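Here the structure is laid out as structure tokens; the discussion comes afterwards.
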């Protein structure tokens, strides 16, 4: 009961203060001035054709949507190849070693055929790649199926369906929210669209795909089978799209089989671009202490060194056995700690003390401290939380 009251107090205070924040929308899309090199490739499985060689090329060139500092590269590109060539992006799964495969952050599989099979060696390479922290994107546009005798490392199959529309089954998932919100209207226009699409299922066509790993994000309206699903596997992530998102992005600059892309990048639909950037952002995020179940503490981000401390605060202590880890939201930093008097408090600070949050011409927002007391930080408000919380 006490925890619930504390949460309601925090929510009401935070909601009221955030209403004063006048942050430009573009601020949400600029994460760092440091270059972020994203190492990507398009997988070729055996002799099956590669349908989407230019998906990363398009995402790299649409700078009107691409977050600042991002650079998509193939770390093992063929000598003499350029980014507008299919050979630059293609990675042959049979020929690459596990050591070299680990140099990639994200790989996409998009092919065609009636029964795509994976050898034990291919399957184990992909499993180890994801388990070690890689992102595997499985995209289907041409109704290919997976050989049940030579499956992936996940329980996954595709089923051809009739006409319908899509529903957001997981509207708060980062793939449809960050950095770009993707609404239901855009969802229904992604890739080839939901109508007449495939659904992602398990080997049993009446079962969901990889239960316990993949979460349905977008489902068909008629039978609630997923057309977009994602989940974490080990230290990495798997994204499955059965509506041809990667295919649509690549085809904007070249149809399948064309070795060199044209410059018609504007043909790439915004909803597909947004999904691509959201996917990379989600896969590179820290989702738990030291990032993931393997505690790798790794990320796609390139963090420059040495880091410069912009401002600091001393005096806040750990709250019993609870760590007072900071939470950033909408330009503010929230942290729980004990005050110099020993009581438990929730603090809110301006993440950038030299910014005027409420637009009154004074950079010292909230409590008078930045200029009046000469502190290096700008405390906006604090709220008492009572005694140390206990579980209920």
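In this note's numbering, the protein residues as written are 5 to 396. Ideal placement from N, C-alpha and C gives every residue a C-beta, glycine not left out. Since the structure is predicted, the reported quantities are computational estimates derived from the model, not experimental observations.
Start and end residues, alpha helix (DSSP H) containing residue 107: Within the chain shown, numbered from 1, the residue matching residue 107 stands at position 103. Note, residue 107: premise wrong, no alpha helix (DSSP H); not H, not E.
From what residue to what residue does the beta strand (DSSP E) around residue 40 run? Within the chain shown, numbered from 1, the residue matching residue 40 stands at position 36. Per DSSP, residue 40 belongs to the beta strand (DSSP E) from 40–48.
Just to confirm my understanding: we take residue 246, look at its own chain, exclude 5 residues before and 5 after, and list those with CB closer than 7 Å. What are they? On the chain shown, residue 246 is found 242 positions in, with the first residue counted as 1. Closer than 7 Å at the Cβ level, and outside the excluded window around residue 246, lie 144, 162, 201, 202, 203, 204 and 231.
For residue 203, does the three-state DSSP call read helix, strand or coil? As a first step, residue 203 is located in the chain shown; it is residue number 199 there, counting from the start. In the structure shown, residue 203 sits in a strand (DSSP, three-state: E or B).
Is it right to say residue 270 is buried, meaning 16 or more other beta carbons lie within 10 angstroms of its own, or is it exposed? Mapped onto the chain shown, residue 270 falls at position 266. Label assigned to residue 270: exposed.
Buried/exposed call for residue 128, threshold 16 Cβ in 10 Å: If you number the chain shown from 1, residue 128 lands on position 124. Exposed, because fewer than 16 other Cβ atoms sit within 10 Å of the Cβ of residue 128.
Between the alpha carbons of residue 152 and residue 341, how many angstroms are there, rounded? One-based indexing of the chain shown puts residue 152 at position 148. One-based indexing of the chain shown puts residue 341 at position 337. Computed Cα separation, rounded: 55 Å.
Go ahead and pull the three-state DSSP assignment for residue 150. Residue mapping note: residue 150 aligns to position 146 of the chain shown, counting from 1. In the displayed model, residue 150 falls within a strand according to three-state DSSP.
With a cut-off of 8 Å, do at least 3 Cβ pairs link the region 70–81 to the region 89–107? Three or more beta-carbon pairs separated by less than 8 Å link the region 70–81 to the region 89–107, which places the two stretches in contact.
Jot down the residue ranges of each uninterrupted beta strand (DSSP E) in the region 331–372, minimum 3 residues, whole runs only, in chain order. 331–333, 336–342 and 348–354
So, for residue 3: in the same chain, excluding its five sequence neighbours on each side, which residues have a beta-carbon less than 6 Å away from its beta-carbon? The question about residue 3 has no answer, for the chain in this structure spans 5 to 396.
Start and end residues, alpha helix (DSSP H) containing residue 249: On the chain shown, position 245 is the one that residue 249 refers to. Where residue 249 is concerned, the enclosing alpha helix (DSSP H) stretches over 249–255.
Which value, in whole angstroms, describes the spacing of the CA atoms of residue 118 and residue 316? On the chain shown, position 114 is the one that residue 118 refers to. On the chain shown, position 312 is the one that residue 316 refers to. Their backbone Cα atoms lie some 60 Å apart in a straight line.
Residue 112 to residue 356 span [Cα, whole Å]: Position 108 of the chain shown, counted from the first residue, corresponds to residue 112. Position 352 of the chain shown, counted from the first residue, corresponds to residue 356. In a straight line, the C-alpha of residue 112 is about 38 Å away from that of residue 356.
Go ahead and pull the three-state DSSP assignment for residue 386. As a first step, residue 386 is located in the chain shown; it is residue number 382 there, counting from the start. Note: residue 386 maps to strand in three-state DSSP.
Following the continuous beta strand (DSSP E) through residue 117, name the residue where it begins and the one where it ends. By one-based count along the chain shown, residue 117 stands at place 113. Residue 117 -> no beta strand (DSSP E), and no H or E assigned at all.
Taking the alpha carbon of residue 350 as the reference point, which residue from 252, 387 and 199 has its own alpha carbon closest? As a position in the chain shown, residue 350 is number 346, starting the count at 1. Nearest option by C-alpha distance: 387.
Do you know offhand how far residue 229's Cα is from residue 212's? The residue given as residue 229 occupies position 225 in the chain shown. The residue given as residue 212 occupies position 208 in the chain shown. Cα to Cα, the separation comes out at about 7 Å.
Three-way DSSP call (helix, strand, coil) for residue 96 in this model: Within the chain shown, the letter at position 92 stands for residue 96. In the three-state DSSP reduction, residue 96 falls in the strand class (E or B).
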